[in-house]
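Chains as they are written, first to last, in this note's numbering: chain S, 391 to 581; chain W, 391 to 581.
C-beta atoms are modelled at their ideal positions from N, C-alpha and C, and glycine is treated no differently.
These notes are about the structure you will find just below.
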DNA sequence: ACCTGAACACCGTTCAAGT
DNA sequence: ACCTGAACACCGTTCAAGT
């Protein structure tokens, strides 16, 4: 298990992987940089060659999360030509992501603001879907596409955050979490 | 500064107050139970007479936050007889609370699930406002009041969470944070 | 009943030293 | 260039002892 050396950059990724493992197993509160080092088989000071500090490692984890989310949303957006259906599926994909990777999701939205959602590529995917729906007159064009996309993102984000913390029955829902998103979007947008 | 004793229950509240101070000054990451004790002028083991552990103190802080939020929402709900206006004001109050007390807000939604929002008194206030709006045909009765209230709560929660993390310009908004809530609700509900 | 003092294992971070 | 080993101040928690 204990290794004597890593070749270029291999330790960096090993640390990120180890961090994700710990986050998934025990959550954010119990996360320890020393333990990450221990798992990788290096001394507790070794991570400092690759990350400025504990926070920077978590930021790197968050960055991988944003990339995973973006890919998922882009695949989802491409999965249908119908504007309404695309919006609903995007909502489902967002909430499903938060339940499939709660450790990543929490880390993403705990990390420093520079890694925030709005302005990121993931937001662009949603923005395009909203603009498409407006063009096809599925959605009103009175609120701007930006405001509408921001509203929808906030709704999905709130849904994800709240449903991660609560037993689903208290939401008055027995269905899988992504159905929560689609029925909420339907209810709010009148789709 | 250092006191030799507290009379019944006084230390408990002093610890809660100290915890809120630290949370407000330096945020969750830097929070330390030892420092809370130091500020109260007692030994590091003294808090354990009043709280099982560090987490229980944070839960007590969260409980005070829920109570403050409930009071704010209830006052807001009573401030107008118009159902539409009441919904919009409730949205504004929720987001304003998150910006006035970011430390409380973050602590509330980080603490253990048993302190969750849905099912709490704060949720009841929103639920009544939604039911009223449906009764007056301001809102559609097709989605149940519960689903609609949950959707609105999620939207407000997401808005609060995201806007706390981002400079407002990236939201395409220059207005104060509570206007964000009202324009979002208007856009989504067609109010 | 409530608090102190000392102790424990653990944490994040630094730095000189090894290869 | 990359990692170790020892060190520092600090943390959460426990427990015997004091009043």
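Asked: Chain S contacts made by the segment 528-549 of chain W, where a contact means CB separation under 9 Å; Found: 530, 532, 533, 534, 536, 537, 538, 540, 541, 542, 543, 544, 545, 546, 547, 548, 549
Asked: Beta-carbon separation (whole angstroms), residue 541(W) vs residue 463(W), contact threshold 8 Å; Found: About 17 Å separates the two Cβ atoms, so there is no contact after all.
Asked: Residue range of the unbroken alpha helix (DSSP H) whose run includes residue 454(S); Found: 444-467
Asked: Nonlocal neighbours in the same chain, by C-beta distance under 7 Å from residue 483(W), ignoring five residues either side; Found: 462, 463, 466
Asked: Interface partners of residue 574(W) on chain S, CB under 8 Å; Found: 537, 540, 541, 544
Asked: Check whether residue 493(W) and residue 414(W) have beta carbons under 7 Å apart; Found: yes
Asked: Among 579(W), 548(W), 556(W), the one whose alpha carbon lies nearest that of residue 485(S); Found: 548(W)
Asked: Own chain, CB closer than 7 Å to residue 456(S), minus 5 neighbours either side, in chain order; Found: 498, 505, 510, 512
Asked: Other residues of its chain near residue 520(W): CB distance less than 6 Å, five sequence neighbours each side excluded; Found: 535, 538, 539
Asked: Beta carbon of residue 448(S) nearer than 7 Å to that of residue 441(S); Found: no
Asked: Cβ pair count under 8 Å reaching 3, the segment 430-439 of chain W against the segment 395-405 of chain W; Found: yes
Asked: Interface partners of residue 448(W) on chain S, CB under 8 Å; Found: Result: empty, since nearest Cβ-Cβ is about 10 Å, beyond 8 Å.
Asked: Environment of residue 427(S) [buried if 16+ CB atoms lie within 10 Å]; Found: buried
Asked: Assigned exposure category for residue 471(W) - 16 Cβ within 10 Å defines buried; Found: exposed
Asked: Neighbour flag for residue 392(S) against chain W, beta carbons, 7 Å; Found: At residue 392(S), the pLDDT of 40 sits below 50, so the modelled position is not reliable; the number obtained from the coordinates is stated separately. So, not an interface residue.
Asked: Residues that residue 579(W) contacts on chain S, provided the C-beta gap is smaller than 8 Å; Found: 578
Asked: 7 Å Cβ cutoff, residue 399(W) in contact with chain S; Found: no
Asked: Beta-carbon spacing of residue 517(W), residue 544(S) below 7 Å; Found: no
Asked: Helix, strand or coil at residue 567(S) [DSSP, three-state]; Found: helix
Asked: Neighbour flag for residue 552(W) against chain S, beta carbons, 7 Å; Found: yes
Asked: Complete runs of the alpha helix (DSSP H) confined to the segment 485-531 of chain W [at least 4 residues]; Found: 492-498, 511-525
Asked: Residue 583(S) versus residue 489(W): straight-line alpha-carbon distance, rounded; Found: The requested residue 583(S) does not occur in the structure, where chain S is confined to residues 391 to 581.
Asked: Unbroken alpha helix (DSSP H) run spanning residue 407(W), endpoints; Found: 400-416
Asked: Whole-angstrom distance between residue 480(S) and residue 468(S), CA atom to CA atom; Found: 10 Å
Asked: Spatial distance of residue 525(W) from residue 531(W) (CA atoms); Found: 8 Å
Asked: Anticipated Cβ contact below 8 Å, residue 418(W) with residue 500(W), distance rounded; Found: 7 Å
Asked: Contact belief for residue 478(S) with residue 575(S) at Cβ below 8 Å, rounded distance in angstroms; Found: 6 Å
Asked: Buried or exposed (CB count within 10 angstroms, at least 16 for buried), residue 422(W); Found: exposed
Asked: Residue 482(W), DSSP secondary structure in three states; Found: helix
Asked: Extent of the continuous alpha helix (DSSP H) run through residue 425(W); Found: 423-430
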